[in-house]
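Residue numbers 1067 to 1231, in our numbering, belong to the letters of the sequence shown in order.
The beta-carbon is built from N, C-alpha and C at its ideal position, and this holds for glycine as well.
Quick caveat: nothing in here was measured; it's all calculated off a predicted structure.
One structure below.
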Amino acid sequence: MSEHDTSEPDNVDEAFAAIVAGLRAEGVGKDIVEEPASKEPKAKAAEGKEKEAETQDAGWRTGGTDWDATVLGGDPSPPDPDDPEEHYIPPEPPPLPKPRKGAFVVLLFFVVGILLLVAPSITGVSATLATPLGILSLAIGLALLLLRVRQGPPDGADPTNGAQV
């Protein structure tokens, strides 16, 4: 092994100490204040921590509210029925637009297409002829539906006015 191999535990500690010494020489960590070591023996410190933990545990058990009342009780602050901020009333939705003639034509093609595919005997057409006619009817309905999608701004809108929702 080489002299600079850091895989040994002793060399790792030495390398770390060298890195820390180099950083301190550059001024890194000057503003960090280290706490002085406790002058109490370890046994007294452990006893103090145990007493502190006991007082904290006892504090939550002797609170002002009973556990059953907290978990099983009602809402501690029922809403005031006179307060308008407590009850949100949503605004009325805008009315649905009236369907136009084109929408009825698309719906007609869809209904006829589904009817021809699902129950061709109702229409009196054989299944071998009803299947392609049903698929064709659905395709025409879909094409008309896609052609009805508007492109661009709505009628009467100013195109220089920015984004419109």
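Put residue i into one of helix, strand or coil per three-state DSSP.
i	result
L1077	Here the sequence assigns Asn to residue 1077, which means Leu is not the residue at that position. Helix.
I1085	helix
L1162	coil
T1194	helix
F1175	helix
G1207	helix
V1137	helix
K1096	coil
P1225	coil
P1157	coil
Mind checking residue i: buried by the 16 CB within 10 Å criterion, or exposed?
i	result
S1203	buried
G1179	buried
F1082	exposed
G1200	buried
Check the C-beta distance from residue i over to residue j and give it rounded, since I have them as a contact under 8 Å.
i	j	result
A1196	L1182	4 Å
L1210	V1177	The pair is not a contact, with the Cβ atoms about 13 Å apart (cut-off 8 Å).
P1186	S1192	7 Å
I1206	F1175	5 Å
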